[in-house]
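Below you'll find the structure, written out as structure tokens, and then a few comments.
Residue numbers (UniProt numbering): 1 to 521.
Here you go:
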């Protein structure tokens, strides 16, 4: 079967000739769709050529809009270019076709169209979807958007039955139905990518069992933590991201189709039938709300923004750790880039861009908030501008998640460099305060004693474990020989025992939980 091909003449992409060119190429595919009650969809090749000749003199005339009945003039080229959305909303085509199929089936069930018309519409939509999938569909700017392009192509293909498809439907409820279906699928894709990153982080943790790293607060040395514990903190954050997306999906999963322009319809449609066919929980209760609501987009972009923020924090940490000043990790060449002027450079660019691209995702949320804040009920054309920020947010988040997982699987932790850095910062000071509490010293008094002990270490340029028992008793006589069981990062780690802490046994339990949950072999 010949498919819809892009005409080589640029005039054809915006003229009546293009429409007939499209229809001619459909001719061999529609034979099976013809029925006795309808004339042949397409004439012979000779007749088609003759028709092309008839149209040759009207190439510059614009195609009449499907909504153009009350208009006496065509829109200007500038208005056409400014108001079109086909350049970006064509990616809704699968969901638009899905909604149209459900709508056509409902119309037939309710006796608003015949079963024969329904079958021709469904077959025609299947054929259009195949051609779009093959990349051979001619998207026309003068048809404005994905809905008009598909409906006009369907009319080219099957004729009169296609004109019945828009019964009891407006583009207002059609586009928001498409958008909810698209968002629902996009959420599933993002959740899958989050899962991949979680697995990559857990695998990185498994490879570095027992590795102690400095824990930071205020970007200052604080307490020793196991690297596994730190990595699992990001896994926990990502799990909350999944929860937010699932909650968002639950709230968006209500069907606006059948709300029409804003007030519903007097025709006997069955909105519950279309809702069920499309996998929605139920139809939306209020038709005005159905066509004007974009809360689901705002909530989705908010969830994406929080994901982006989490990934940016991970990116910042790893960029710092890859620096010469830290030297805690080394990315492989496969996830690094160089400099055009400095031959020695090896940059963790993917994670720098993860950090940078988070601004785009957060910006998309702000764009939508500003877009919606001044809109009266119900639908307004401003809402055409909801799609590009949404599409960009999803595309960017998917890329950020993918490259973060790649990076996690292609880095090496520098154990020797980390071990050499551990003594600095008195990471065991809080553990020493816990020791004093166990000796019956009030915590605030313990805090003061350990503070004076650290001051002595600073003066002598040594660690807490480097102080003699006499030195410690000179500060307070409560110290005993067993104090040294609490000093040093290894001893400190072993003393953590509270639920969720960085103690070895606690972290082992956390790791086992995630290995089981993520089904990591």
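We treat Cβ as the ideally placed atom computed from N, Cα and C, and that holds for glycine.
Judging by CA-CA distance, which residue of the options is the nearest neighbour of residue i?
| i | options | result |
| --- | --- | --- |
| residue 490 | 178, 471, 211 and 168 | 211 |
| residue 249 | 301, 216 and 238 | 301 |
| residue 148 | 73, 107 and 63 | 63 |
| residue 214 | 457, 421 and 506 | 421 |
| residue 376 | 269, 293 and 325 | 293 |
| residue 244 | 194, 277 and 220 | 194 |
| residue 251 | 513, 359, 492 and 180 | 180 |
| residue 523 | 299, 256, 246 and 168 | With the chain covering only 1 through 521, there is no way to say anything about residue 523. |
| residue 145 | 164, 161 and 172 | 172 |
| residue 222 | 445, 493 and 346 | 493 |
| residue 366 | 352, 197 and 390 | 390 |
| residue 333 | 380, 350 and 382 | 350 |
| residue 85 | 384, 265 and 236 | 384 |
| residue 114 | 78, 164 and 258 | 164 |
| residue 93 | 120, 127 and 106 | 127 |
| residue 368 | 298, 116, 136 and 417 | 298 |
| residue 419 | 514, 224 and 411 | 224 |
Where residue i and residue j are concerned, what is the direct C-alpha to C-alpha distance, given to the nearest angstrom?
| i | j | result |
| --- | --- | --- |
| residue 441 | residue 481 | 17 angstroms |
| residue 386 | residue 91 | 14 angstroms |
| residue 240 | residue 378 | 33 angstroms |
| residue 170 | residue 312 | 41 angstroms |
| residue 230 | residue 80 | 54 angstroms |
| residue 452 | residue 504 | 29 angstroms |
| residue 261 | residue 289 | 11 angstroms |
| residue 430 | residue 459 | 19 angstroms |
| residue 217 | residue 488 | 19 angstroms |
| residue 329 | residue 318 | 8 angstroms |
| residue 315 | residue 331 | 12 angstroms |
| residue 497 | residue 506 | 7 angstroms |
| residue 436 | residue 486 | 10 angstroms |
| residue 206 | residue 226 | 12 angstroms |
| residue 463 | residue 483 | 14 angstroms |
| residue 478 | residue 439 | 7 angstroms |
| residue 176 | residue 256 | 7 angstroms |
| residue 428 | residue 219 | 17 angstroms |
| residue 307 | residue 394 | 11 angstroms |
| residue 309 | residue 75 | 44 angstroms |
| residue 443 | residue 371 | 53 angstroms |
| residue 83 | residue 77 | 10 angstroms |
| residue 374 | residue 381 | 13 angstroms |
| residue 116 | residue 352 | 58 angstroms |
| residue 166 | residue 160 | 12 angstroms |
Does the distance from the CB of residue i to the CB of residue j come in under 7 angstroms?
| i | j | result |
| --- | --- | --- |
| residue 280 | residue 254 | yes |
| residue 178 | residue 99 | yes |
| residue 108 | residue 118 | yes |
| residue 454 | residue 499 | no |
| residue 270 | residue 110 | yes |
| residue 275 | residue 283 | yes |
| residue 529 | residue 208 | Here the chain covers residues 1 to 521 and nothing more, so residue 529 does not appear. |
| residue 338 | residue 345 | yes |
| residue 242 | residue 305 | no |
| residue 404 | residue 354 | yes |
| residue 154 | residue 198 | no |
| residue 88 | residue 388 | yes |
| residue 424 | residue 447 | no |
What distance in whole Å lies between the Cβ atoms of residue j and residue i, which are believed to be in contact at a cut-off of 8 angstroms?
| i | j | result |
| --- | --- | --- |
| residue 131 | residue 398 | 26 angstroms between Cβ atoms; not a contact. |
| residue 409 | residue 203 | 7 angstroms |
| residue 287 | residue 264 | 4 angstroms |
| residue 232 | residue 467 | Not confirmed; about 34 angstroms, so no contact. |
| residue 258 | residue 168 | 7 angstroms |
| residue 278 | residue 234 | So it is not a contact: roughly 36 angstroms between Cβ atoms. |
| residue 97 | residue 129 | 5 angstroms |
For residue i, which residues from the same chain have a beta carbon less than 7 angstroms from its beta carbon, with the 5 sequence-adjacent residues on both sides left out?
| i | result |
| --- | --- |
| residue 476 | 449 |
| residue 326 | 320 |
| residue 392 | 360 and 364 |
| residue 396 | 357, 360 and 361 |
Consider the Cβ of residue i: report whether some Cβ of chain B lies at a distance smaller than 7 angstroms.
| i | result |
| --- | --- |
| residue 479 | Note that chain B does not occur in the displayed structure, where there is just one protein chain. |
Apart from the five residues on each side of it in sequence, which residues of its chain come closer than 6 angstroms, Cβ to Cβ, to residue i?
| i | result |
| --- | --- |
| residue 23 | Because residue 23 carries a pLDDT of 36, less than 50, the predicted location of this residue cannot be relied on, and no value is offered for it. |
| residue 143 | 149 and 152 |
| residue 182 | 92 and 95 |
| residue 533 | Residue numbering for the chain in the displayed model covers 1 to 521; residue 533 lies beyond these limits and cannot be assessed. |
| residue 124 | 154, 157 and 158 |
| residue 174 | 147 |
Output needed for residue i: all residues of its chain with C-beta closer than 8 angstroms, excluding positions within five of it in sequence on either side, in chain order.
| i | result |
| --- | --- |
| residue 347 | 336, 337, 338 and 339 |
| residue 517 | none |
| residue 122 | 101, 104 and 105 |
| residue 272 | 282 and 283 |
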